[in-house]
Amino acid sequence: MTEPPVNQNSPIPRTGVVVGNPKPASRTFQAAVHVVEQLTGAAPELAIDLAAFASGLLDWSDPAVAAAVEAVRGLDLVVVASPTYKASYTGLLKVFLDRFPSNGLDSVVAVPLMLGAGPGHQLAPEVFLKPVLAELGALLPTRALYVLDGAHDDPASYEAWLASARTRIASAVSGVSGGA
Amino acid sequence: MSESQTPDSGPTAPLPANLRAGVVVGNPKPASRTYQAAVRLAELLTGRAPDLTIDLAEYGAGLLDWSDAATAGAVSDVIALDLLVVASPTYKASYTGLLKLFLDRFKADSLAGVVTIPLMLGAGPGHAMAPEVFLKPVLTELGALLPTRALYLLDSSYDDPAAYEPWLAAARGPVRAALAANTRPS
Numbered sequence: 001m002t003e004p005p006v007n008q009n010s011p012i013p014r015t016g017v018v019v020g021n022p023k024p025a026s027r028t029f030q031a032a033v034h035v036v037e038q039l040t041g042a043a044p045e046l047a048i049d050l051a052a053f054a055s056g057l058l059d060w061s062d063p064a065v066a067a068a069v070e071a072v073r074g075l076d077l078v079v080v081a082s083p084t085y086k087a088s089y090t091g092l093l094k095v096f097l098d099r100f101p102s103n104g105l106d107s108v109v110a111v112p113l114m115l116g117a118g119p120g121h122q123l124a125p126e127v128f129l130k131p132v133l134a135e136l137g138a139l140l141p142t143r144a145l146y147v148l149d150g151a152h153d154d155p156a157s158y159e160a161w162l163a164s165a166r167t168r169i170a171s172a173v174s175g176v177s178g179g180a
Numbered sequence: 001m002s003e004s005q006t007p008d009s010g011p012t013a014p015l016p017a018n019l020r021a022g023v024v025v026g027n028p029k030p031a032s033r034t035y036q037a038a039v040r041l042a043e044l045l046t047g048r049a050p051d052l053t054i055d056l057a058e059y060g061a062g063l064l065d066w067s068d069a070a071t072a073g074a075v076s077d078v079i080a081l082d083l084l085v086v087a088s089p090t091y092k093a094s095y096t097g098l099l100k101l102f103l104d105r106f107k108a109d110s111l112a113g114v115v116t117i118p119l120m121l122g123a124g125p126g127h128a129m130a131p132e133v134f135l136k137p138v139l140t141e142l143g144a145l146l147p148t149r150a151l152y153l154l155d156s157s158y159d160d161p162a163a164y165e166p167w168l169a170a171a172r173g174p175v176r177a178a179l180a181a182n183t184r185p186s
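Just so you know, the sequences run in chain order G and L.
When we follow the numbering used here, the leftmost residue of the first sequence carries the number 1, and every step to the right adds one.
When we follow the numbering used here, the leftmost residue of the second sequence carries the number 1, and every step to the right adds one.
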């Protein structure tokens, strides 16, 4: 039987990204993957690009969406990412998050990430996205991260946040994944 | 200088004769309590049924299709209103993804000149600030006129007129004044 590369007793966290951009393989997606890689040194095991889910997201009995929810719930660390639409996260992301049961992110370390065109919405992930993840019971050990669209592929855009987030994330993930 | 108001723009101003009022409801269940509360609120403010009711439960997959004509038509209809109630149940401490999918279709500042009331329903008192803190800023970003506090109702009291009264007592004047000052040519 093939096992996943890590398990409950492994110090290697199970990581993933959830991306709520209507465009597939968006800058939002690339930024979310980059954050996981910078935090863990490896690509995420799970990548949920909601652009690929189409109308199943509005069908509360859709099995593919239900499976995606369960896969996210099995992670130790998830980056939840959205572009900034109308000053907040996208409806696409929220219809997915609405599918989680109460406390559905219990014991999952989550990083709220939003991209936007200008500096004016820098607080949006902290003020709007993080409370939704908190309601789902996620562990949120860091500030939310906001990255300018135009600088999403510049490693410097992430450095200041990473410098303060690495230790907090590692500590929280160690706690939930049972690792040393 | 003393404060002054013109007779037709104050809190007791008559509603504009050609007022167009509507509701947008982001509950996945059709004809939900959220829907009934939004219609009731519009009726209480204007004295008659709303001219436009958008129950997003009926729109289905078109909301995820950025070229969908029915959704585009609904957006155009909402933009043309004078008074709008935007209503959602509380999901995960905020408005629903269903509602936000629809609001994401509006162009920048496209609710400019629309007097808008944010309304949310929820199971308990703990999320009473959600419409003010989460829904109202989205409507602000769309340029809506927001002359009142947002309104939060308990699911269980959506059909109790008394649940609306304290809010209405404070909101009627500002809503009428905003409408009177903002009537656009028909």
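Cβ atoms here follow ideal geometry from the backbone N, Cα and C, with glycine treated the same way.
Got a sec, what are the start and stop residues for the beta strand (DSSP E) residue i sits in?
| i | result |
| --- | --- |
| P83 of chain G | 77 to 83 |
| I48 of chain G | 46 to 49 |
| V85 of chain L | 83 to 89 |
Take residue i and list the residues in its own chain whose beta-carbon comes closer than 8 Å to its own, dropping the five residues that flank it on each side.
| i | result |
| --- | --- |
| A80 of chain L | R20 |
| A42 of chain L | A21, G22, V23, A49, P50, L83, V85 |
| R187 of chain L | In the structure as shown, chain L begins at 1 and stops at 186. Residue 187 of chain L is therefore absent and cannot be evaluated. |
| A64 of chain G | F53, G56 |
Which same chain residues end up closer than 7 Å to residue i when comparing Cβ atoms and leaving out the 5 residues on each side of it in sequence?
| i | result |
| --- | --- |
| S2 of chain L | Only weak support is given to the placement of S2 of chain L: the predicted model assigns it a pLDDT of 45, under 50, and the value that follows is read from those uncertain coordinates. Excluding positions up to five away in sequence, the list is empty. |
| S4 of chain L | Residue placement at S4 of chain L cannot be trusted, given a pLDDT of 47 that sits under 50; what the coordinates show is reported in the next sentence. Correct list: empty, nothing qualifies. |
| P44 of chain G | T15, G16, V17, V33, V36 |
| A151 of chain G | S157 |
| T34 of chain L | V25, N27, A87, S88, P89, L121 |
| Y158 of chain L | R33, Q36, A37, L121 |
Specify, as a first and last residue, the run of the alpha helix (DSSP H) that residue i falls within.
| i | result |
| --- | --- |
| V35 of chain G | 27 to 40 |
| P137 of chain L | 136 to 141 |
| G113 of chain L | Element bounds for G113 of chain L: n/a, residue is neither H nor E. |
| Y146 of chain G | Where Y146 of chain G is concerned, there is no enclosing alpha helix (DSSP H), although the beta strand (DSSP E) it sits in stretches over 145 to 148. |
Measuring only the C-alpha atoms, how far is residue i from residue j?
| i | j | result |
| --- | --- | --- |
| A54 of chain G | Y95 of chain L | 21 Å |
| F128 of chain G | F134 of chain L | 7 Å |
| P131 of chain G | A17 of chain L | 42 Å |
| D149 of chain G | G118 of chain G | 8 Å |
| A123 of chain L | W167 of chain L | 19 Å |
| P4 of chain G | S174 of chain G | Only weak support is given to the placement of P4 of chain G: the predicted model assigns it a pLDDT of 43, under 50, and the value that follows is read from those uncertain coordinates. So the alpha carbons of these two residues sit roughly 18 Å apart. |
| S164 of chain G | G62 of chain L | 42 Å |
| L139 of chain G | H121 of chain G | 23 Å |
| N9 of chain G | A38 of chain L | With a pLDDT of only 49 at N9 of chain G, under the threshold of 50, the placement of this residue in the model should not be trusted; the figure read from the coordinates follows. Near 51 Å, if we compare the C-alpha coordinates of A38 of chain L and N9 of chain G. |
| P7 of chain L | A180 of chain L | Summary for P7 of chain L: the model assigns pLDDT 48, below 50, so the residue's position carries little reliability, and this model does not support an answer. |
| D68 of chain L | H127 of chain L | 33 Å |
| D153 of chain G | E159 of chain G | 12 Å |
| R73 of chain G | T28 of chain G | 21 Å |
| P14 of chain L | E165 of chain L | 20 Å |
| R143 of chain G | A178 of chain L | 39 Å |
| R166 of chain G | P155 of chain G | 15 Å |
| L123 of chain G | S107 of chain G | 25 Å |
Excluding sequence positions up to five away, which residues of its chain have a Cβ less than 6 Å from the Cβ of residue i?
| i | result |
| --- | --- |
| V147 of chain G | A31, L115, S157 |
| L145 of chain G | L113, W161 |
| T90 of chain G | G20, S82 |
| S177 of chain G | P13, D76 |
Are the CB atoms of residue i and residue j nearer to each other than 8 Å?
| i | j | result |
| --- | --- | --- |
| L121 of chain L | L146 of chain L | no |
| I169 of chain G | V109 of chain G | yes |
| K100 of chain L | P118 of chain L | no |
| L39 of chain G | L64 of chain L | no |
| P125 of chain G | A172 of chain G | no |
| A74 of chain L | V114 of chain L | no |
| D76 of chain G | P13 of chain G | yes |
| V111 of chain G | V79 of chain G | yes |
| F106 of chain L | L142 of chain L | yes |
| A51 of chain G | K23 of chain G | yes |
| L105 of chain G | L136 of chain G | yes |
| A70 of chain L | A93 of chain L | no |
- At a cut of 8 Å, does the stretch 43 to 61 of chain L reach the stretch 92 to 107 of chain G through at least three beta carbon pairs? no
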